[in-house]
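Residue 1 is where the sequence shown starts when you use our numbering, and the numbers rise one by one after that. All residues carry an ideal CB built from backbone N, CA and C; glycine is no exception. This one's a predicted model, so the numbers in the text were calculated from it and none came from an experiment.
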Amino acid sequence: MVGLKVSVSRERRVVFRQRGLVEVEEFELGAPTEGEMLIRTRSTLISPGTETAFLMALANTSGEFPQYPGYSNAGLVERVGNAVKEIHVGDRVVSHRPHASRVLAREEETLRIPDAVSYDEASFFALGSVALQGVRKGKVELGDSVLVVGQGLVGNLALQLAKLSGGTPVIGADLCDYRLGISLKVGADYAINLSRDNLDERVGAITEGRGASVVIEATGSPSAIPTALTLASRYGRVILLGSPRGDSTVDFYTYVHRKGLQIVGAHNSTRPRYESTHGAWTIRDDAKLVLRLIEEGLLNVRALVTSKMSYREATEAYRRLRESKDETIGVIIDWE
């Protein structure tokens, strides 16, 4: 077994100890088995919507503690088992592993990081693939007008990917000027502030009264769903990309039935497991494509990083994401 020792190491990881309480704890990590590799983490990206929802035990989360969050890990392979064939010691890889100083992963659960992509950029592979499957479900065609409601990380990535898919114009909507400024920087054709602008009027003017061909709801707010249905054009598609944290009241007759709308749930679990097909790709294939788009400069993730903070500052990182949304969008945890 290449570089494999029977040993246990003392590592650190982020834990949600109880509702609203973030800590960093020590834990023991065993040696990799024959089919595993040991990865020394360099960067992990916090998934703001999902992780803060679970931290605060919002609707449609487990409500159970402790929890060990994170699924956007980028690091360096330190040991491999005999059954690992394609990945080698010294390779840089990503995996859907938690916020921890070292992690174990199987070969089929990892992807190599392209040489031109940094650890920080690579940590966007998971959220990028989440956004990408939502855009695929929207069946965006060249010339489709696309409205993305919510310009957090997933919403911004969806906006960029919708534009790459041929969406025009592409419109970002959010409550925060800070986020909307970033959206314009990475390619939005229009930015609408929901706290200040009349969304119906602005979208109507931009789309010549038709409404958006595709509306991607990326906030997870139940109240945003009726709004998304209202703003979609006749025969339009509404993609529920954000996970709703509560119940919505919808007039289906007026806003769905009579308009001929399609409503598509786009939770990341609604994918094929083993083989990609047109419009429905596996997580692995989408993540590989996201890394390639970052490498080629087609997907701008650097602009989405507000701050990079030591794992020792994890409590403060989550506080910022919860309480300072008007000046924070992406936070990377540094494990060096």
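Buried or exposed: where does residue i fall if 16 or more other Cβ atoms within 10 Å of its Cβ makes it buried?
| i | result |
| --- | --- |
| Asn-268 | buried |
| Thr-254 | exposed |
| Gly-30 | exposed |
| His-257 | exposed |
| Glu-327 | exposed |
| His-278 | exposed |
| Arg-136 | buried |
| Gln-18 | exposed |
| Lys-85 | exposed |
| Gly-181 | exposed |
| Gly-134 | buried |
| Ser-195 | exposed |
| Tyr-274 | exposed |
| Ser-9 | exposed |
| Pro-69 | buried |
| Glu-217 | buried |
| Arg-13 | buried |
| Thr-50 | buried |
| Gly-172 | buried |
| Glu-36 | buried |
| Phe-129 | Before going further, note that residue 129 is Ser rather than Phe in the sequence given. With 16 or more Cβ atoms within 10 Å of its Cβ, Ser-129 is classed as buried. |
| Ser-324 | exposed |
| Thr-270 | exposed |
| Gly-138 | buried |
| Arg-202 | buried |
| Asp-174 | buried |
| Ser-233 | buried |
| Arg-97 | buried |
| Gly-209 | exposed |
Let me make sure I understand the geometry here. Which of the options has the alpha-carbon closest to that of residue i?
| i | options | result |
| --- | --- | --- |
| Leu-40 | Asp-91, Val-22, Ala-188 | With the sequence shown as reference, residue 40 is identified as Arg, and Leu is not the correct amino acid for it. The option with the nearest alpha carbon to Arg-40 is Asp-91. |
| Leu-240 | Gly-150, Leu-55, Trp-281 | Gly-150 |
| Met-56 | Pro-272, Leu-21, Leu-45 | Leu-21 |
| Ile-87 | Gly-187, Gly-70, Glu-108, Pro-98 | Glu-108 |
| Ser-145 | Val-130, Lys-163, Gly-220 | Lys-163 |
| Ser-310 | Val-80, Glu-23, Asn-193 | Glu-23 |
| Val-170 | Leu-104, Cys-176, Asn-156, Tyr-178 | Asn-156 |
| Pro-114 | Glu-36, Gly-242, Leu-293 | Leu-293 |
| Asn-82 | Cys-176, Asp-177, Phe-16, Pro-32 | Pro-32 |
| Gly-63 | Phe-16, Tyr-178, Glu-78, Asp-286 | Phe-16 |
| Val-301 | Phe-27, Gly-330, Asp-286, Val-93 | Gly-330 |
| Arg-243 | Ala-191, Val-154, Asn-193 | A quick correction: the sequence has Ser, not Arg, at residue 243. Among Ala-191, Val-154, Asn-193, the Cα nearest to that of Ser-243 belongs to Val-154. |
| Glu-295 | Leu-58, Asn-60, Thr-61, Ala-122 | Ala-122 |
| Ser-43 | Ser-129, Val-117, Phe-27, Gly-49 | Val-117 |
| Arg-179 | Lys-139, Arg-79, Gly-152 | Gly-152 |
| Arg-343 | Glu-11, Leu-58, Glu-34 | Given a span of 1 to 336 for the chain in the structure shown, any question on residue 343 remains unanswerable. |
| Phe-27 | Leu-38, Glu-34, Glu-11 | Glu-11 |
| Lys-259 | Ala-105, Glu-201, Ser-213, Ser-276 | Ser-213 |
| Val-238 | Val-140, His-99, Pro-66 | Val-140 |
| Gln-67 | Phe-54, Gly-209, Phe-252, Ile-192 | Phe-54 |
| Trp-335 | Leu-76, Ile-263, Ile-283 | Leu-76 |
| Glu-34 | Thr-219, Arg-106, Thr-61 | Arg-106 |
Please say whether residue j and residue i have beta carbons closer to each other than 8 angstroms?
| i | j | result |
| --- | --- | --- |
| Leu-339 | Leu-159 | This structure does not reach residue 339, given that the chain is present from 1 up to 336, and the question cannot be answered. |
| Leu-142 | Gly-166 | yes |
| Leu-127 | Ser-47 | yes |
| Asn-73 | Ser-95 | yes |
| Val-215 | Ala-228 | yes |
| Pro-226 | Thr-249 | yes |
| Gly-265 | Gly-236 | no |
| Leu-321 | Thr-52 | yes |
| Val-305 | Asp-120 | yes |
| Ala-341 | Ile-333 | The structure shown does not extend to residue 341, since the chain spans only 1 to 336, so no value can be given for it. |
| Leu-231 | Leu-199 | yes |
| Ala-317 | Phe-125 | no |
| Arg-79 | Val-93 | no |
| Asp-247 | Pro-272 | no |
| Arg-45 | Leu-104 | Here residue 45 turns out to be Leu, not Arg, going by the sequence shown. No; because the gap between Cβ atoms is not below 8 angstroms, this pair is not in contact. |
List the residues that DSSP assigns as beta-bridge partners of residue i.
| i | result |
| --- | --- |
| Asp-334 | Ser-43, Ser-310 |
| Ser-9 | Leu-29 |
| Ala-57 | Per DSSP, none; premise fails for Ala-57. |
| Glu-36 | Arg-106 |
| Leu-21 | Gln-18 |
| Ile-239 | Ile-216, Val-264 |
| Thr-277 | Ala-280 |
Determine, using beta carbons only, whether residue i comes closer than 8 angstroms to chain D.
| i | result |
| --- | --- |
| Glu-323 | Reference to chain D is not applicable here, since this structure consists of a single protein chain. |
Subject >> Entirely enclosed beta strand (DSSP E) segments - the region 241-274, minimum 3 residues >> reply: 262-265
Original post:
Enumerated in chain order, which unbroken segments of the alpha helix (DSSP H) with a length of 4 residues or greater are wholly contained in the region 66-130?
Top reply: 119-122, all fully within the region 66-130.
Original post:
What residue ranges within the region 143-229 form continuous beta strand (DSSP E) runs of no fewer than 3 residues, ordered along the chain?
Top reply: 146-149, 170-174, 190-193, 212-217
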